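Chemist: Its first residue numbered 1, the sequence shown is counted upward by one per residue in UniProt numbering. Using N, Cα and C, we set each Cβ at its ideal position, and we do this for glycine too. Note that the structure is a prediction, hence the values are computed from the model and not measured. Pasting in a structure now, in structure tokens, and then I'll have a few things to ask.
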Amino acid sequence: MLDRQFGVAYSLNGVYDLMKRLGMVWISARAVSPSADPVAQAEFKKKLRPGSRSNAAPEHCA
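Okay, structure coming up:
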């Protein structure tokens, strides 16, 4: 793609290095299990205690 779009050829490691120099990071999508049940996940999330999905405050980590 870089060759077609910009006329330059990079190896995969070269692309990673270029992205790092530009302050970018490689992000890939997470796989979704074919057996995942969105309805069951929504019900599970409803039953969680408030704030249980966020990180604990530092004073609680001692």
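Per DSSP, what kind of secondary structure is P34 in: helix, strand or coil?
Modeler: For this step, residue 34 is matched to residue 34 along the sequence shown. DSSP places P34 in coil when its eight states are reduced to three.
Chemist: I'd like to check one pair, A9 with L2: are the Cβ atoms closer than 9 Å?
Modeler: Counting from one through the sequence shown, the residue named residue 2 turns up at place 2. Counting from one through the sequence shown, the residue named residue 9 turns up at place 9. Cβ atoms of L2 and A9: closer than 9 Å.
Chemist: Please work out which residues of its chain come closer than 8 Å, Cβ to Cβ, to A29, disregarding the five sequence neighbours upstream and downstream, and give them in chain order.
Modeler: Position 29 of the sequence shown, counted from the start, is the residue given in the question as residue 29. If we look at A29 and ignore the five residues flanking it on each side, it has no Cβ neighbours.
Chemist: Relative to the C-alpha of V32, which residue among K45, W26 and Q41 is closest?
Modeler: Counting from 1 along the sequence shown, the entry for residue 32 is found at position 32. Looking at the Cα atoms, Q41 is the closest of the given residues.
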